[in-house]
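Notes to accompany the following structure.
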Ligand code: SDX
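Residue numbers (the numbering used here): 1096 to 1523.
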């Protein structure tokens, strides 16, 4: 057991702060009394060294490349579990029994339909609207539909809102795709799995039966598992901050979708595949690696680097393995996969990437497989949002049900002008 106190000597005074330990990972210095005791704030733009909450959902060891959901390693969950099982695990704290899993899946399956009024909502978008713009709008619009469950202090209201969000995201995402290509929306089919239903709503047409390919269904379900939750990332922190004011849960998830869209976050999977296509052939790789290393060039290797992982993102390992399995099973190939493999190989043997500990992250290979399944690049982040909704609602529930929960309200280091008097416009 290490020190239990941290001492700050500042401006002639000494202040003690408690050191708290979690189950795993770094200890924290509890600085909640820092401003009251010292009149100073901490300063940590980007929150590189700041724990915003305590959470029991997900643990990441960035140095070792470890990712646990409620203690279970992501590699084992990806290998043996299903997205519905992981959703239950994150929401309820443990892997479900067979009966619990059936009940949970039954409940989610029966919330997949959308209010018919929402079909009109889609008509307001241009056909070339980015699916993430539609997802932001449609999920935010759902906050206008469910007046039967708006009391977030009521666990039952929180539960049904969580189930509705998890259940309806595939329908909303599939409708965004159908709207973009001018095909009719497909209604959910309750006889299919969560992921099989999504594939049919996306790629099926009313004119004929749609056969779910079990290899694709398993691969996509695994991809959803890899994207389910990831500790206090930018979009999850956005959902928590929005939720801390007591806002409507659908509006909070819409805020998370907006944040995820950025190319530095969930938008990287779309940007990574676009980058691989721009590179085109392995002989062009050195040119792009040089650009990524050039301080004067804003270009970055998309799908590389991570705020927390300073080792290989364990999700990227599973993703690369899944690409190989799907390509082999479907007897397909894609030259862009070869470019990705060689780009990884060259980058991981380049001092710049080694010194800065830049490894492939979850977004580096995901686009290769999503493209092989048939999704356009514009749908990649929408799929990320679909899967991350499980983590967002689990984190939101954990926050709202914490008795110590307060509205999030960071402070700042003010660098603007000191107080000055107003000058009438004829005197300026
Ligand atoms: C996700 O937080 C999460 O958990 C996110 C996520 C999740 O599941 O929720 O894991 C999902 O967002 C994965 C990350 C997807 N983004 C990308 O792939 C975009 C490319 N990567 C970067 O933009 C960057 O690595 C970030 C945004 C991911 C991390 O940025 P940080 O932690 O703020 O690191 P940084 O920008 O300060 O970079 C440190 C150094 C810099 O060089 P120096 O100023 O020290 O000289 O590394 C360089 C950067 O220039 N660098 C890169 C690079 N990423 C960082 N150089 C080239 N290519 C890159 N990809």
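All C-beta atoms in this analysis are idealised placements derived from N, C-alpha and C, irrespective of residue type, glycine included. Predicted model, so just to flag it, every value in this text is computed and none were measured.
>> Using only CA atoms, which one of 1503, 1202, 1225, 1116 lies nearest to residue 1353?
In response: For the purposes of this step, residue 1353 is taken as the residue at position 258 of the chain shown. It is 1225.
>> Just checking residue 1414 against the ligand SDX - is the residue's beta carbon closer than 7 Å to any of the ligand's heavy atoms?
In response: Translated into the one-based positions of the chain shown, residue 1414 becomes position 319. In this structure, residue 1414 has its CB at a distance of at least 7 Å from all heavy atoms of the ligand SDX.
>> Starting from residue 1379, trace the alpha helix (DSSP H) in both directions and tell me its first and last residue.
In response: Taking the chain shown and counting its residues from 1, the one referred to as residue 1379 is at position 284. Counting along the chain, no alpha helix (DSSP H) covers residue 1379, and no H or E run does either.
> Can the beta-carbon of residue 1527 be found less than 8 Å from the beta-carbon of residue 1441?
Replying inline: Because the chain is modelled from 1096 through 1523, residue 1527 falls outside the range shown and cannot be assessed.
> How big is the Cα-Cα spacing for residue 1161 and residue 1176?
Replying inline: Translated into the one-based positions of the chain shown, residue 1161 becomes position 66. Translated into the one-based positions of the chain shown, residue 1176 becomes position 81. In a straight line, the C-alpha of residue 1161 is about 18 Å away from that of residue 1176.
>> What does the Cβ neighbour count give for residue 1109, buried or exposed, with the cut at 16 atoms within 10 Å?
In response: If you number the chain shown from 1, residue 1109 lands on position 14. Exposed: under 16 other Cβ atoms inside 10 Å.
> From 1387, 1360, 1396, pick the residue whose C-alpha is nearest to that of residue 1369; which is it?
Replying inline: For the purposes of this step, residue 1369 is identified with residue 274 of the chain shown, where counting begins at 1. Of the candidates 1387, 1360, 1396, 1396 places its Cα closest to the Cα of residue 1369.
> residue 1198 lies in the alpha helix (DSSP H); which residues open and close that run?
Replying inline: Translated into positions along the chain shown, residue 1198 becomes position 103. Secondary structure note for residue 1198: its alpha helix (DSSP H) is the uninterrupted segment 1193-1204.
>> At the level of alpha carbons, what is the spacing between residue 1507 and residue 1494?
In response: Numbered from 1 along the chain shown, position 412 holds the residue referred to as residue 1507. Numbered from 1 along the chain shown, position 399 holds the residue referred to as residue 1494. Rounded to whole angstroms, the separation of the alpha carbons of residue 1494 and residue 1507 is 24 Å.
> What's the C-alpha gap between residue 1409 and residue 1170?
Replying inline: The residue labelled residue 1409 in the question sits at position 314 within the chain shown. The residue labelled residue 1170 in the question sits at position 75 within the chain shown. About 7 Å.
> Does the count of Cβ pairs from the region 1187-1201 and the region 1213-1225 closer than 8 Å reach three?
Replying inline: Judged by pairs of C-beta atoms under 8 Å, the region 1187-1201 does not touch the region 1213-1225, as fewer than three such pairs exist.
> CB residue 1203 to CB residue 1274, shorter than 8 Å?
Replying inline: Within the chain shown, the letter at position 108 stands for residue 1203. Within the chain shown, the letter at position 179 stands for residue 1274. In this structure, residue 1274 does not lie closer than 8 Å to residue 1203 by Cβ.
>> Among 1105, 1112, 1107, 1106, whose alpha-carbon lies nearest the alpha-carbon of residue 1099?
In response: One-based indexing of the chain shown puts residue 1099 at position 4. For residue 1099, the closest of 1105, 1112, 1107, 1106 by C-alpha to C-alpha distance is 1112.
> Would you say residue 1346 and residue 1235 are within 8 Å of each other, going by their C-beta atoms?
Replying inline: For this step, residue 1346 is matched to residue 251 along the chain shown. For this step, residue 1235 is matched to residue 140 along the chain shown. Yes.
> From residue 1477 to residue 1268, what does the alpha carbon distance come to, in whole angstroms?
Replying inline: In the chain shown, counting from the first residue as 1, residue 1477 sits at position 382. In the chain shown, counting from the first residue as 1, residue 1268 sits at position 173. If I take the Cα positions, the gap works out to 6 Å.
> With DSSP run on the structure shown, which of helix, strand or coil describes residue 1113?
Replying inline: Taking the chain shown and counting its residues from 1, the one referred to as residue 1113 is at position 18. Reduced to three states, the DSSP call for residue 1113 is strand.
> Assuming residue 1487 contacts residue 1297 under a Cβ cut-off of 8 Å, what Cβ separation, rounded to an integer in Å, is found between them?
Replying inline: Here the question's residue 1487 lines up with position 392 in the chain shown. Here the question's residue 1297 lines up with position 202 in the chain shown. Incorrect: roughly 21 Å between the Cβ atoms, too far for contact.
> For residue 1457, is the beta carbon positioned less than 7 Å from some heavy atom of the ligand SDX?
Replying inline: Residue numbering aside, residue 1457 sits at position 362 when the chain shown is read from its first letter. With a cutoff of 7 Å, residue 1457 counts as near the ligand SDX, since its C-beta is closer than that to a heavy atom of the ligand.
> Quick one: what does DSSP say residue 1305 is sitting in, helix, strand or coil?
Replying inline: To locate residue 1305, count along the chain shown from 1; it is residue 210. Of the three classes helix, strand and coil, the one that applies to residue 1305 here is coil, per DSSP.
>> For a test of your reading of the model: does the CB of residue 1335 fall under 7 Å from any non-hydrogen atom of the ligand SDX? Yes or no.
In response: Mapped onto the chain shown, residue 1335 falls at position 240. Short note on residue 1335: C-beta not closer than 7 Å to any heavy atom of the ligand SDX.
> Cβ atoms of residue 1512 and residue 1437: under 8 Å apart, would you say?
Replying inline: Taking the first residue of the chain shown as 1, we reach residue 1437 at position 342. Taking the first residue of the chain shown as 1, we reach residue 1512 at position 417. In this structure, residue 1512 does not lie closer than 8 Å to residue 1437 by Cβ.
>> By the DSSP assignment, the alpha helix (DSSP H) with residue 1290 in it spans what residues?
In response: Stepping through the chain shown from its first residue, residue 1290 is reached at position 195. Residue 1290 -> alpha helix (DSSP H) spans 1289-1298.
> Shortest alpha-carbon distance to residue 1361 belongs to which of 1344, 1401, 1340?
Replying inline: Position 266 of the chain shown, counted from the first residue, corresponds to residue 1361. That would be 1401, whose Cα lies nearest to the Cα of residue 1361.
> Which residue or residues does DSSP assign as beta-bridge partners of residue 1108?
Replying inline: Position 13 of the chain shown, counting from 1, holds the residue named residue 1108. Within the DSSP secondary-structure output, residue 1108 pairs in a beta bridge with 1105.
> Would you say the beta carbon of residue 1326 comes nearer than 7 Å to a heavy atom of the ligand SDX?
Replying inline: Against the chain shown, residue 1326 aligns to sequence position 231. At least one heavy atom of the ligand SDX is found less than 7 Å from the C-beta of residue 1326.
> Would residue 1390 pass as a contact of residue 1452 if the rule is Cβ separation under 8 Å?
Replying inline: The residue labelled residue 1390 in the question sits at position 295 within the chain shown. The residue labelled residue 1452 in the question sits at position 357 within the chain shown. For residue 1390 and residue 1452, no; Cβs fall outside 8 Å.
> Counting along the chain, where does the beta strand (DSSP E) carrying residue 1403 start and finish?
Replying inline: Numbered from its first residue, the chain shown carries residue 1403 at position 308. Element bounds for residue 1403: n/a, residue is neither H nor E.
>> So the candidates are 1443, 1403, 1168, 1292; which of them puts its Cα closest to the Cα of residue 1143?
In response: Here residue 1143 corresponds to residue number 48 of the chain shown, with the count starting at 1. When each option's Cα is compared against that of residue 1143, the closest is 1403.
> Alpha carbon to alpha carbon, how far is residue 1232 from residue 1256?
Replying inline: On the chain shown, position 137 is the one that residue 1232 refers to. On the chain shown, position 161 is the one that residue 1256 refers to. Looking at the two C-alpha atoms, the distance is approximately 17 Å.
>> Under 8 Å: do the region 1312-1329 and the region 1463-1482 share three or more Cβ pairs, one atom per stretch?
In response: When C-beta atoms of the region 1312-1329 are compared with those of the region 1463-1482, three or more pairs fall below 8 Å, so the two segments count as touching.
>> Since residue 1311 and residue 1502 should fall inside the 8 Å C-beta cutoff, what is the C-beta to C-beta distance between them, to a whole number of angstroms?
In response: Position 216 of the chain shown, counting from 1, holds the residue named residue 1311. Position 407 of the chain shown, counting from 1, holds the residue named residue 1502. Their Cβ separation, rounded to whole angstroms, is 44 Å, which puts residue 1311 and residue 1502 out of contact at 8 Å.
>> Once the 5 residues before and after residue 1447 are set aside, which same chain residues still bring their CB inside 6 Å of it?
In response: Numbered from its first residue, the chain shown carries residue 1447 at position 352. Counting only Cβ-Cβ distances below 6 Å, and skipping sequence neighbours, we find 1388.
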